[in-house]
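A.B. asks: This is the structure I want to talk about, given as structure tokens.
Residue numbers (my numbering), protein chains in the order written: chain A, 24 to 543; chain B, 3 to 488.
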């Protein structure tokens, strides 16, 4: 008998405000411990919280982007528990009345498109950090993170596989960055997922779930969920019972471990925070935020699929971030401006779009990944990519020489002629590998590089014919072999021609001319 | 000078009849002489006070003074003040030095007032007798065997004993008005949100409100002019235009509708207190006021509702005192949980611990609806009672406290009896309404009786008008406790 897997995710997205949720202290990452903790953050006697309007606005933006209800009135509540990294002894969160209710996220997997419903999204503050390792017999407390604004996004248990869960997390990740409410930096903890996992017999009642915490990459999310599914099925098939508990994923051992069971769950004694009045959001505010909302990734994805006829998975890849999408759009539009570009038949963009998409998704992406930089730092501008494609289309470049030009252009800080909104961009100059920084190559145009390196493909039929004639004359033996039915001899002849043209001859043309001449 | 009104002190300072330095020294001397007997102050720092007085004299000399410039004011030790110990009457903050100024302290500093010191109080303002202080009980200047009321008992005693011309207090369930009544001074709890709570150590955030304590309604008005005002650091602070709370002091009371709630004159009210209050009502009628019976039918629910809401908020508000970052920390502990337990068990007194336990209980899973939520509903009913009453009257008047001051130790073993002391004052906190207490005579043992005046939201000027007109015709507020001569 098979098992059905049921997954819901709780995601903490750190909102990209300059100051904290309830205080004026800075939220910048990486400052020396406790230098970004003010009177409110360390909970001095007498201090009071004041809600950050920017954080509220970001929550509204999110709610509108997922088609949720924005509650006109929501309530901040206190979640009470003692821990040294929680200075007030309570966390301010939203409990009964969150600011965002409902909504949905549309994901794409190999099975196609699926809608994942959202339960809610609420505002809260982060806790500080306890450092247990660096102090012998003591714990250090860093309150820089205490009070940093978070949006906790809770999904319905609508996912049925680890793959769906990862697709959901990635789509959510791209959305929060796209609408500029979160920088999505997972290493710095700006985007963290907890996975609620249970299994059941198809059609049966929901099984007991576990919550797995501490998952800070998509890969770990997938591994953690898969481990948890295997663990639960094993227990159930062995006749055991699942214990409702919180588990921690250990990436080093690739397993989840029990952190605490429901029995030792704390009573948080939630109650409305009397220091903060209910949060009232006016219709005008919501409408203003709605007007300022950019075109959403899902709409863009639909455009790529339906107008540019790109494959759904390619459309997903191109909408993984606003910057990638903008880069693609810019390259496509630059390509169209180059004279003599062969268009597709009906919709002019379709043929070009396919090529541009391939280059962005494959070549550009793998280069960016290898160098660990984002597309906003891509040394090849959309214009350069367009020029490169144009020279491939007009057969100036072969795929081999195109790669060489591409490599030559791979230098940082080439002039960019496309918008760089740099929303939430945290990556610093120092993050770029030094070999890119020290490169002395200048951001030449594609044509300059072709000229300088003599890479122009030989497509002049007359010239190629002359060389072919020459090669045939000098290789009577191979010609004979070929005519005797030895196909290998043909390849050898092609190689000779290519060698004679220093690889610049258009191989297709060489083939065609050789065949024609040999046929005689 | 010890008995002078703030207005008179201000003009004496302006006319150079006395300097702020001399005035401050006068009151510091009075504190030095009497504090051993009354224990009204936790902290006095002559150097700091005199330095402020010198600055004030400079302002006066440059004719850059405001009404309170150069006037010494005592502050309840619940207000955080920069470089001053701020203990809140608790061992757990016994080593805490204020790193910033509360909004109220800021306002007094800006006005050029001189801080005379930090006054004693019930620990974390939890109490009605000022006996729960880590620094020992405050004595009532009218009879040192008796309590001065609480929790702002130190401020009340300081004003009553003329150790300070004026003082600040805070009122969560009657903590300004009840000690004012028991100590024979005037006190005003403003509309919730009028005075910023920033820097006022929280007891029950939805009820806490700072306010002035002084010898007369007129003095209260001048003090409130300084204390009130919007503060963006307090989300419950109300943004509204500044008012002069003294503007209506001299309005005649002809036609004033005085609502008298039956519920505040029934069982539990001591006859001597009832008599004094009746006489005051008669006096107001003589001034042209009309007496109108009003009903506050849910008034009897106010004490139980209060003792669910206030401890609930307190249990959470006091969580920050954990020994981790500041304040007292237990010396020996095994681990983190043990550090918390010992620190808080040793750092908090019995009444504070009791209220943390009550509050934790009422917020607990399974009890929240029955206690906290129900109490919130009662709170709404009580506020509605007043809304109805104010359709028919301008002020609601009754006794501030059911009895005159009781003996020290008389109620410490029976918390419920202690809690019932605030039965008439708590409704105003639950509703967020402004209310004052002014002296209106003497009861058993020659101890003062307080008259309680509750007004509609933002009607502080009206309350002070009524009180001032009453005080023009009577001299209860001007009486001074005997036997305190230096």
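For glycine and all other residues, C-beta sits at the position ideal for the given N, C-alpha and C.
As the structure is a computational prediction, the values presented were derived from the model and not from experiment.
Could you give the first and the last residue of the continuous alpha helix (DSSP H) run that contains residue 275 of chain B?
C.D. replies: Segment 273-288, the alpha helix (DSSP H) holding residue 275 of chain B.
A.B. asks: Buried or exposed: where does residue 266 of chain B fall if 16 or more other Cβ atoms within 10 Å of its Cβ makes it buried?
C.D. replies: By the 10 Å Cβ count, residue 266 of chain B comes out buried.
A.B. asks: Note down, in chain order, every chain A residue with its Cβ under 8 angstroms from the Cβ of residue 82 of chain B.
C.D. replies: Near residue 82 of chain B (Cβ distances below 8 angstroms), the residues of chain A are 67, 68, 69.
A.B. asks: I'd like to know whether the C-beta of residue 326 of chain B is nearer than 7 angstroms to at least one C-beta of chain A.
C.D. replies: By this cut-off, residue 326 of chain B is an interface position.
A.B. asks: Mind listing which residues of the stretch 190-216 of chain B have their C-beta closer than 8 angstroms to chain A's C-betas, in chain order?
C.D. replies: So the list reads 199, 200, 201, 202, 203, 204, 206, 207, 208, given in the order they occur along the chain.
A.B. asks: Give the residues of chain A in contact with residue 95 of chain B, contact being defined as C-beta atoms less than 8 angstroms apart.
C.D. replies: Residues of chain A passing the Cβ test: 68.
A.B. asks: Kindly indicate which three-state DSSP category residue 273 of chain A falls into: helix, strand or coil?
C.D. replies: Three-state DSSP puts residue 273 of chain A in a strand.
A.B. asks: Just how far apart, CA to CA, sit residue 94 of chain A and residue 344 of chain A?
C.D. replies: Rounded to the nearest angstrom, the two C-alpha atoms are 28 angstroms apart.
A.B. asks: Could you tell me the alpha carbon to alpha carbon distance between residue 198 of chain B and residue 232 of chain B, rounded to whole angstroms?
C.D. replies: If I take the Cα positions, the gap works out to 7 angstroms.
A.B. asks: Residues in the stretch 68-97 of chain A with C-beta within 8 angstroms of chain B's C-beta atoms, listed in sequence order?
C.D. replies: Flagged, chain order: 68, 69, 70, 71, 72, 73, 74.
A.B. asks: Helix, strand or coil for residue 343 of chain A per DSSP?
C.D. replies: Three-state result, residue 343 of chain A: coil.
A.B. asks: So residue 314 of chain B contacts chain A; which residues on that side make the cut at Cβ distance below 7 angstroms?
C.D. replies: Per Cβ cutoff of 7 angstroms: 294.
A.B. asks: Candidates B:447, B:308, B:356: which alpha carbon is nearest residue 385 of chain B's?
C.D. replies: Minimum Cα distance to residue 385 of chain B is reached at B:308.
A.B. asks: Below 8 angstroms on the Cβ atoms is my contact criterion, and I expect residue 153 of chain B with residue 132 of chain B to pass it. Report the Cβ-Cβ distance as a whole number of Å.
C.D. replies: With a Cβ gap of about 6 angstroms, residue 153 of chain B and residue 132 of chain B count as contacting.
A.B. asks: Under DSSP, the beta strand (DSSP E) around residue 441 of chain B begins and ends at which residues?
C.D. replies: Looking at the DSSP string, the run of the beta strand (DSSP E) that includes residue 441 of chain B is 437-444.
A.B. asks: Determine the direct distance from the alpha carbon of residue 120 of chain B to that of residue 68 of chain A, and round the result to whole angstroms.
C.D. replies: If you take the alpha carbons of residue 68 of chain A and residue 120 of chain B, they lie about 16 angstroms apart.
A.B. asks: Assign residue 413 of chain B to one of two classes, buried (16 or more other C-beta atoms within 10 Å of its C-beta) or exposed (fewer than that).
C.D. replies: Answer is buried; the Cβ neighbour count reaches 16.
A.B. asks: Can you list the beta strand (DSSP E) stretches of 3 or more residues lying completely in the stretch 204-278 of chain A, in chain order?
C.D. replies: Runs found: 214-223, 233-238, 268-273.
A.B. asks: Can you list, in chain order, the residues of its chain with a C-beta nearer than 6 angstroms to that of residue 46 of chain B? Leave out the 5 residues immediately preceding and following it.
C.D. replies: 33, 119, listed in sequence order.
A.B. asks: Find the residues of chain B that neighbour residue 62 of chain A, judging by a C-beta separation of less than 9 angstroms, and give them in chain order.
C.D. replies: By Cβ distance, chain B contributes 101, 102.
A.B. asks: For the alpha helix (DSSP H) holding residue 451 of chain B, just list the boundary residues, first then last.
C.D. replies: Looking at the DSSP string, residue 451 of chain B is not in any alpha helix (DSSP H); the run it does join, the beta strand (DSSP E), is 450-457.
A.B. asks: Between residue 111 of chain A and chain B, is any beta-carbon pair separated by less than 7 angstroms?
C.D. replies: Interface residue, yes.
A.B. asks: Are the beta-carbon atoms of residue 178 of chain B and residue 213 of chain B separated by less than 7 angstroms?
C.D. replies: Cβ distance < 7 angstroms, so residue 178 of chain B and residue 213 of chain B count as in contact.
A.B. asks: Name the residues in the stretch 233-250 of chain B whose C-beta lies less than 8 angstroms from a C-beta of chain A; which are they?
C.D. replies: If the cut-off is 8 angstroms between Cβ atoms, the stretch 233-250 of chain B has 234, 235, 236, 237, 238 near chain A.
A.B. asks: Leaving out the 5 sequence neighbours to the left and right, which residues in its chain are closer than 6 angstroms to residue 300 of chain B when beta-carbon positions are compared?
C.D. replies: Only 383, 384, 387 meet the Cβ criterion.
A.B. asks: Name the chain B residues whose beta carbon is nearer than 8 angstroms to that of residue 385 of chain A?
C.D. replies: The premise fails here: residue 385 of chain A is roughly 52 angstroms from chain B at the closest Cβ pair, so nothing lies under 8 angstroms.
A.B. asks: Do you know whose CA, among A:333, A:251, A:381, A:320, lies nearest residue 1 of chain A's CA?
C.D. replies: With chain A running from 24 to 543 in the structure shown, residue 1 of chain A is simply not present.
A.B. asks: How long is the line joining the alpha carbons of residue 355 of chain B and residue 114 of chain A, rounded to whole angstroms?
C.D. replies: Answer to the nearest angstrom: the Cα atoms are 22 angstroms apart.
A.B. asks: Cα-Cα, which of A:167, A:134, A:154, A:307 is closest to residue 148 of chain A?
C.D. replies: Nearest C-alpha to residue 148 of chain A: A:167.
A.B. asks: Could you work out which residue in A:364, A:383, A:329 is closest to residue 352 of chain A when comparing CA atoms only?
C.D. replies: The residue with the shortest Cα to Cα distance from residue 352 of chain A is A:383.
A.B. asks: Just the Cα atoms here: how many angstroms apart are residue 196 of chain B and residue 125 of chain A?
C.D. replies: Computed Cα separation, rounded: 38 angstroms.
A.B. asks: State yes or no: is the beta carbon of residue 77 of chain B nearer than 7 angstroms to at least one beta carbon in chain A?
C.D. replies: Closer than 7 angstroms: no.
A.B. asks: Looking at residue 374 of chain B and residue 310 of chain B, is the spacing between their C-beta atoms short of 7 angstroms?
C.D. replies: Yes. Within cutoff.
A.B. asks: Identify every residue that forms a DSSP beta bridge with residue 117 of chain A.
C.D. replies: Answer is A:99, bridged to residue 117 of chain A.
A.B. asks: Could one say the Cβ of residue 99 of chain A lies closer than 7 angstroms to chain B's Cβ atoms, at least one of them?
C.D. replies: Answer no: the Cβ-Cβ gap between residue 99 of chain A and chain B never drops below 7 angstroms.
A.B. asks: Just tell me which of A:355, A:152, A:388, A:381 has its CA closest to the CA of residue 372 of chain A.
C.D. replies: It is A:355.
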